[in-house]
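Engineer: Mind the numbering: the sequence shown is residues 51 to 146 in our numbering, read in order. Think of the CB as a built atom: it goes at the ideal place given N, C-alpha and C, for glycine as much as any other residue.
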Amino acid sequence: MRATAHTGAGSTVSNILRFRNPASQVQSDVGRFGLSVREAEVMDLIASGMTNQQIATTCFITEKTVKNHINRIFAKLASTTRGEAIASWLGTRTAS
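(1) I'd like to know whether the C-beta atoms of Val87 and Ile105 end up nearer to each other than 8 Å.
(2) Which term fits Leu127, buried or exposed, when burial requires 16 or more other beta carbons within 10 angstroms of its beta carbon?
(3) Might you give, ordered along the chain, the residues of its own chain that have their beta carbon closer than 7 Å to the beta carbon of Thr119, omitting 5 neighbours on each side?
(4) Using a Cβ-Cβ cutoff of less than 7 Å, which residues in the same chain neighbour Ser129 once the five nearest sequence positions on both sides are dropped?
(5) With a CB to CB cut of under 7 Å and the five nearest residues on each side skipped, what residues in its chain are close to Phe83?
(6) Alpha carbon to alpha carbon, what distance is there between Phe124 and Leu85?
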């Protein structure tokens, strides 16, 4: 299922991600990769296929902030592309 940005009352990034990724899984992902909670949220949205602009809108942050999060995520996941980061995140990346 693809996460989408909602602007209705009560819609938050946490609500969107809770549907896709229970809190216990987020904590596991944070510990496994050393990501902050926000970086884990952004990585979930990347894995769902969102663009930087869509992520910025969903998280109520600027696109520049999204890019900063992505740079830190790539460094922590030892990835150079979105595809590599997604493969690591989903556990499907093969050793190179």
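Structural biologist: Judging by the given coordinates:
(1) No, they are not a contact pair.
(2) The residue in question, Leu127, is buried, as its Cβ has 16 or more Cβ neighbours within 10 Å.
(3) Reading the sequence as shown, one finds His at residue 119 and not Thr. Short of 7 Å from the beta carbon of His119, and not among the five residues preceding or following it, lie these beta carbons of its own chain, in chain order: Arg88, Glu89, Val92.
(4) Closer than 7 Å at Cβ, skipping near neighbours: Ala135, Ser138.
(5) Taken in chain order, the residues that qualify are Lys126, Leu127.
(6) About 10 Å.
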